[in-house]
Each structure stands twice: as C-alpha cells, then as structure tokens.
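2 protein chains.
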Amino acid sequence: MERNTQQRQAILKVFERSTRPLKIQEIHTAAKKRCTGIGIATVYRNLKALLEDGRLVAVDMPGGLVLYELPGIEHHHHFSCNSCEKVFDVEACGLNLQSLIPNGFKLEQHEILLSGLCDSCAIRA
Amino acid sequence: MERNTQQRQAILKVFERSTRPLKIQEIHTAAKKRCTGIGIATVYRNLKALLEDGRLVAVDMPGGLVLYELPGIEHHHHFSCNSCEKVFDVEACGLNLQSLIPNGFKLEQHEILLSGLCDSCAIRA
DNA sequence: TCGATATTGATAATCTATTATCAGTAAGGA
DNA sequence: TCCTTACTGATAATAGATTATCAATATCGA
C-alpha cells in the first residue's frame, strides 16, 4: 500500500510550483527546502515510481540529461538556455514535418529542441 | 607530426561510404572490415582527434547517444528509427521557429528530432 | 634502409549516474 | 495507541562509457 510521505509530497509540490522541466539535482535542491534532509536516493526512488504511475513524464535531452515534468500539458517542445542551462517549455508547433522525411519513412513522433538565451540571460548579454 | 595510419584511413573510409550518422560501435564494426583487429580505443582516439580537427561533427541524441558524421553537409536534421535504431539525415527545415519561443528569448540553434519507422522497417511492419 | 616517435591494441583505471542494501523511521489501518 | 510494513537516509555497489597506461608496432623523413 502506498503511503503519502512528507518526501513524496515535497517532490510533487516542487513540480506544481515549477513552470519548466527539472533535472534530478534541481528537484533534490528544491525538495530540501520543504523537507530538510531528504536524500538523493529518495528522489530517485520517487521519480521512478511517479513515472511508472504516469504522474510525471521524462524529457530526454541530448547529452543524456533527463528532465521531469508534470504530464497533461498539451503537445509542446523545449528551449534550452546556452547560458544558465535551464530548459523551458515552448508552445506547440503547427508545422508540416512529414514533408521533411524521405519516401517510405513513417513519422510517429517529433521533438523540437531550440536553444539560445532565455529572457534573463539575454538581458545580461 | 600526424601519421596516416591504416586505422585512421579505415575510419575515414567508413564515413565516406555512409549516408547517415554513425555511433561508435557501428564505426568500430565497419572499420574492422577494412582493418582487422582495430581496437575500440583507437576508434575513440581517432574520433576525438578528427572532431578537434573539424573533420567530423558530433550529433548528440537524447539518451546520451553520440553519433558522428562528416561536416559540410548543409543544415539538416535527424530521423531516428524506433525499430532498427538507426539515425538518418533529413533535409533542412524552412520553418519559422522564432515564432514559438517566448518574448525576450533569443534563438540561436535548433535541432529537430523526428522518429518513427525507416523505409526498411516500415515495409516489414 | 634506418631510427625517432606517433600510434596502436589490450586492458586497467576512471568517472558519473543510478540502483541495491539495510537498519531505523514513520504512515495509517485496526 | 499499537503494530505492520512501506518508506527513508546513508552509502556501498553496480553499470556503462570513456580515458589512461604501457610495451610493441608501424609510419615516414632523412
């Protein structure tokens, strides 16, 4: 039987308050503010369980970085800041990508990875 | 002074004959056909040197997979087959991606990752 | 052809991210 | 409140990819 622990509550709260996908370390750091002493292993364990339950989704970035965010957000893509390294959600594309691929290929999914400077970093540049 | 070894020649030939970006293991396997006994360390060493020389470019895929291809190909994107796992080059986009990002953000690069079934796998499905 | 040395093959070492272990703790039904 | 046991924190273990080591080899200028 699943228990509603302080640690799990803290982790879920982090996502509820976030407007962008987060990496493990960010989740751990933010969760510690609500639940001092929470261990990294607990973060890993809960993320895995929440993923399996479909209560979180993973975003695989180039380089092997894995980010997590709440599901249910409609189709969207990601923007990675080259300066602060944060990743942001950007709105859906309304693009005809099928036209790009060769004949005979079957398009099933697509992911658009934008990068550059986020608003905070662009101001400082 | 750089030497033109059989191993380096074999590795470069592999790329000249390939129409898609390759991963380390594929490069190693293909190079062995031209240079029996070539070691994986030699493949890593040469790829690193060729990258630094700008004679190859790296393609970072989600999940941490790194692929290599010859540079100079004009702006293009990638299609990953969900069945055979191979990655293919696809033609450039002529898309207005700037319109997707929030105000204040500065777009510098973009990568479009398509996935589905390649022609070979689509036929079998 | 000879010799200096860049390069190689085999594999040990390293690195980093994730998972397993295990004794102690705390959630929540009875 | 008590008791069962899911969960936790600390950290050891693991796994997979890349790099370092080092004696042996092969390149290529002289």
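In order, the protein sequences belong to chains A and B.
Take the first sequence: its position 98, counted from the start at 1, is 98 in the numbering used here, and no numbers get skipped.
Take the second sequence: its position 46, counted from the start at 1, is 171 in the numbering used here, and no numbers get skipped.
Every residue gets a Cβ at the ideal spot worked out from N, C-alpha and C, and that includes glycine.
Small disclaimer: the values here were computed from a predicted structure and weren't measured.
Backbone secondary structure at residue i - three-state DSSP
i: B/H153; result: helix
i: A/F88; result: strand
i: A/I38; result: coil
i: A/F15; result: helix
i: A/C121; result: helix
i: A/S115; result: strand
i: A/L47; result: helix
i: A/S80; result: strand
i: A/L52; result: According to the sequence shown, residue 52 of chain A is Glu rather than Leu. Reduced to three states, the DSSP call for A/E52 is helix.
i: B/L220; result: coil
i: B/L225; result: helix
Other residues of its chain near residue i: CB distance less than 8 Å, five sequence neighbours each side excluded
i: A/E111; result: H77 and H78
i: A/Q98; result: L107
i: B/L172; result: I136, I149, I152, L181 and Y193
i: A/E16; result: L70
i: A/Y44; result: I24
i: B/L225; result: none
For residue i, the nearest candidate out of the options (CA to CA)
i: B/G143; options: B/T130, B/S224, B/K231 and B/Y193; result: Inspection of the sequence shows that residue 143 of chain B is occupied by Ser rather than by Gly. When only C-alpha atoms are compared, the closest one is B/Y193.
i: B/P227; options: A/A41, A/S115 and A/L100; result: A/S115
i: B/I149; options: B/L242, B/E141, B/L190 and B/E127; result: B/L190
i: A/E52; options: A/L70, A/F105 and A/G37; result: A/L70
i: B/R145; options: B/A250, B/K211, B/C218 and B/L220; result: B/K211
i: B/F230; options: A/T29, A/M61 and A/C121; result: A/C121
i: B/Q234; options: A/S80, A/D119, A/L100 and A/Q109; result: A/S80
i: B/C209; options: B/D244, B/N129 and B/R170; result: B/D244
Own chain residues within Cβ distance below 7 Å of residue i, not counting five before or after
i: B/L175; result: L181
i: A/K13; result: R34
i: A/H75; result: A92
i: A/R124; result: none
i: A/I40; result: H28
i: A/N4; result: none
i: B/G179; result: P196
Anticipated Cβ contact below 8 Å, residue i with residue j, distance rounded
i: A/N82; j: A/L113; result: Incorrect: roughly 12 Å between the Cβ atoms, too far for contact.
i: B/A156; j: B/A135; result: 4 Å
i: A/P62; j: B/D185; result: 4 Å
i: A/L22; j: B/L220; result: No, A/L22 and B/L220 are not in contact; Cβ-Cβ is about 28 Å, not under 8 Å.
Residues near residue i by beta carbon distance below 6 Å, same chain, minus five either side
i: B/T167; result: Q132
i: B/I198; result: none
i: B/I163; result: Q132, A156 and K157
i: B/T161; result: none
i: A/E2; result: none
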